[in-house]
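**Student:** Residue numbers (the numbering used here): 1 to 448.
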């Protein structure tokens with residue numbers, strides 16, 4: 001029995017949450033999803049969204065009731081194995097389903113959910129309306145629930161397909177490979193497929209009057225990027241995508257997906273997001289941002305967090321890649337001096353150190369990992385040496401390919417490769433809320 005399991009819970013009811021320390025009601029127990037097939041029809045002028053989502057899953061226990069996560073438009077019908085099922089919506093995002101016949105452990109089953117209604121603007125926390133009249137989906141850790149029902153946890157990745165119908169003058173972008181784009185009268189129907197597993201918040205759809213940039217890597221990987229009408233100024237940066245992918249490969253191993261690109265939206269977003277294969281970029285995006293989001297294709301997408309307390313796995317590495325490794329290797333910058341200047345500036349600033357990198361706390365997930373994470377990784381690299389550091393992080397990723405992992409597992413893996421005991425180093429950098437001692441703050445060549 002899991003440590004956080006309720007010993008009095010009904011054994012035939014799937015848990016309505018998986019007990020993430022920050023988001024305990026995210027995800028659902030009792031089943032594992034293998035594939036999502038999402039069909040939507042969206043009308044930009046009226047903002048009306050009609051959807052049918054088919055979910056292929058396998059029961060992990062006998063289920064007479066189970067939950068999905070969904071905060072989108074009104075649900076019209078739910079069926080399980082093509083038989084009508086009872087359902088009720090409760091809580092912030094729970095869709096509780098009671099199949100006509102109980103589901104048996106180990107057997108596959110199919111859930112189909114039909115829904116329709118006005119798409120609500122979540123302003124960057126899911127379905128978002130663009131100033132152009134189009135729409136897109138972006139948000140972390142939650143976004144998918146605003147447009148399709150799912151098991152919304154990074155621990156249950158699945159393959160993903162999208163079929164989107166829009167008025168003929170609009171375009172549709174999403175994850176993976178575009179498998180169809182046809183006109184039927186006044187409608188355009190576009191299909192996309194993500195054949196590698198993806199976490200829910202890393203799926204997206206973007207609808208706008210896009211222009212395109214098509215490129216191809218030397219190994220044949222197709223690159224398709226899109227620009228909303230007021231995002232054309234980003235085209236020059238996106239033309240460097242092949243170079244950025246090549247660079248990231250030298251650090252972390254072969255690019256793990258079959259397609260890549262970017263979606264440059266026209267909206268006042270405060271963030272960009274590493275949606276799998278094709279990040280969502282705000283209009284202010286610069287080269288550093290693209291390098292950051294592409295690094296996430298390895299750190300966050302290929303290998304995902306087990307819990308949101310492990311966020312340093314995603315953001316510390318993506319930030320280090322963009323803020324230190326790219327300037328060092330591609331722009332010939334002295335990043336050791338950059339590190340020293342940063343420490344000198346913030347060493348005596350308590351606010352800079354008051355949120356730990358490992359387990360930063362509820363409401364503080366997206367904070368210190370960006371500005372202190374790169375310092376931690378640069379110090380670690382100097383502590384154990386380049387050969388050990390880069391070999392270990394590359395092998396760690398490969399060991400968890402398409403899966404999930406945690407900060408304690410990273411610590412254990414790095415320690416297994418290091419020649420010295422890193423217990424004090426890791427504790428000082430990851431768990432404390434004060435500057436590390438001198439020996440950990442300025443290891444080896446950083447001491448000058």
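Every residue, glycine too, gets a C-beta built ideally from N, C-alpha and C.
So, is residue 389 buried or exposed, given that buried needs 16 or more other C-beta atoms within 10 angstroms?
**Tutor:** By the neighbour-count rule (16 or more Cβ atoms within 10 Å), residue 389 is buried.
**Student:** Could you check where the beta strand (DSSP E) with residue 109 kicks off and where it finishes?
**Tutor:** Per DSSP, residue 109 belongs to the beta strand (DSSP E) from 108-118.
**Student:** So if DSSP puts residue 187 in a beta bridge, which residue, or which two residues, is it bridged to?
**Tutor:** Residue 187 pairs with 167 and 184.
**Student:** Any idea what DSSP makes of residue 160, helix, strand or coil?
**Tutor:** Reduced to three states, the DSSP call for residue 160 is strand.
**Student:** What did DSSP end up calling residue 355 once you bin it into helix, strand or coil?
**Tutor:** Three-state DSSP puts residue 355 in coil, outside helix and strand.
**Student:** Hey, residue 146 and residue 203 are a contact pair by Cβ (cut 8 Å); roughly how many whole angstroms apart?
**Tutor:** Going by Cβ atoms, the distance from residue 146 to residue 203 rounds to 11 Å, so no, they are not a contact pair.
**Student:** According to DSSP, is residue 36 helix, strand or coil?
**Tutor:** Strand at residue 36.
**Student:** Secondary structure at residue 218, three-state DSSP: helix, strand or coil?
**Tutor:** Three-state result, residue 218: coil.
**Student:** What residue range does the beta strand (DSSP E) around residue 13 cover?
**Tutor:** No beta strand (DSSP E) contains residue 13, which DSSP labels as neither H nor E.
**Student:** Which residue comes first and which comes last in the alpha helix (DSSP H) that contains residue 275?
**Tutor:** Counting along the chain, residue 275 falls outside any alpha helix (DSSP H), and DSSP gives it neither H nor E.
**Student:** Curious, which full-length alpha helix (DSSP H) runs of at least 4 residues does the segment 265-323 contain?
**Tutor:** As far as the segment 265-323 is concerned, its whole alpha helix (DSSP H) runs of at least 4 residues are 287-295 and 312-320.
**Student:** Based on the DSSP output, what are the partners of residue 31 in its beta bridges?
**Tutor:** In the DSSP output, where bridge partners are listed per residue, residue 31 has 59.
**Student:** Would you please state the rounded distance, in angstroms, between the beta carbons of residue 294 and residue 281? I believe it to be under 8 Å.
**Tutor:** Not a contact, Cβ separation roughly 11 Å.
**Student:** Could you name the residues of the same chain whose beta carbon sits closer than 6 Å to that of residue 199, not counting the 5 residues immediately before and after it, in chain order?
**Tutor:** So the qualifying residues of the chain are 154, 157 and 304.
**Student:** Leaving out five residues on either side along the sequence, give the residues of the same chain with a beta carbon under 8 Å from the beta carbon of residue 11.
**Tutor:** Cβ neighbours of residue 11 beyond the five flanking positions: 61 and 62.
**Student:** So, at 7 Å on beta carbons, what are the nonlocal neighbours of residue 431 in its own chain, with the 5 sequence-adjacent residues on each side left out?
**Tutor:** Only 356 and 358 meet the Cβ criterion.
**Student:** Report the option in 224, 233, 235 and 321 whose CA atom is closest to the CA atom of residue 247.
**Tutor:** Taking only the C-alpha atoms, the option nearest residue 247 is 321.
**Student:** What's the gap between the Cα of residue 47 and the Cα of residue 123?
**Tutor:** The alpha-carbon atoms of residue 47 and residue 123 are separated by roughly 14 Å.
**Student:** Does the segment 85-94 come close enough to the segment 127-134 to have 3 or more Cβ pairs within less than 8 Å?
**Tutor:** The answer is no - the segment 127-134 does not touch the segment 85-94, with fewer than three Cβ pairs under 8 Å.
**Student:** For residue 230, name the three-state secondary structure that DSSP assigns.
**Tutor:** Looking at residue 230 - three-state DSSP - the assignment turns out to be helix.
**Student:** Which residue marks the beginning of the beta strand (DSSP E) containing residue 239, and which one marks its end?
**Tutor:** Per DSSP, residue 239 belongs to no beta strand (DSSP E) and is neither H nor E.
**Student:** Please classify residue 94: does DSSP put it in a helix, a strand, or coil?
**Tutor:** The answer is strand: DSSP assigns residue 94 an E or B state.
**Student:** Which residues does DSSP pair with residue 77 in a beta bridge?
**Tutor:** Answer is 114.
**Student:** Return helix, strand or coil for residue 198, following the three-state DSSP convention.
**Tutor:** Correct three-state label for residue 198: strand.
**Student:** Residue 424 lies in the beta strand (DSSP E); which residues open and close that run?
**Tutor:** Looking at the DSSP string, residue 424 is not in any beta strand (DSSP E); the run it does join, the alpha helix (DSSP H), is 423-426.
**Student:** Short of 8 Å in beta carbon distance, which residues of its chain neighbour residue 259, apart from the five on each side in sequence? Order them along the chain.
**Tutor:** These residues qualify, in order along the chain: 176, 177, 221, 222, 223, 224, 277 and 278.
**Student:** Cutting at 7 Å between CB atoms, please list the residues of its own chain near residue 451, excluding the five before and the five after it.
**Tutor:** Because the chain here runs from 1 to 448, residue 451 falls outside it and cannot be looked at.
**Student:** So the beta strand (DSSP E) residue 68 belongs to, where does it begin and stop?
**Tutor:** Run containing residue 68: 66-69, per the beta strand (DSSP E) assignment.
**Student:** Please return the same chain residues whose Cβ sits closer than 7 Å to the Cβ of residue 41, not counting the five positions on each side in sequence.
**Tutor:** So the list reads 50 and 165, once near-sequence residues are dropped.
**Student:** Nearest to residue 290 by alpha carbon, out of 337, 238 and 312?
**Tutor:** Looking at the Cα atoms, 238 is the closest of the given residues.
**Student:** Please name the residue in 17, 87 and 316 whose C-alpha comes closest to that of residue 369.
**Tutor:** Nearest option by C-alpha distance: 316.
**Student:** Pick helix, strand or coil for residue 408, following the three-state DSSP scheme.
**Tutor:** DSSP places residue 408 in helix when its eight states are reduced to three.
**Student:** In the structure shown, what three-state DSSP assignment does residue 146 receive?
**Tutor:** In the structure shown, residue 146 sits in a helix (DSSP, three-state: H, G or I).
**Student:** Within the continuous alpha helix (DSSP H) that includes residue 342, where are the two ends?
**Tutor:** It spans 335-346 - the alpha helix (DSSP H) in which residue 342 sits, taken as one unbroken run.
**Student:** Along the beta strand (DSSP E) that carries residue 126, what are the first and last residues, could you check?
**Tutor:** Here the beta strand (DSSP E) through residue 126 covers 126-129.
**Student:** What does a CB cutoff of less than 7 Å around residue 426 pick up in its chain, not counting 5 residues either side in sequence?
**Tutor:** These residues qualify, in order along the chain: 411.
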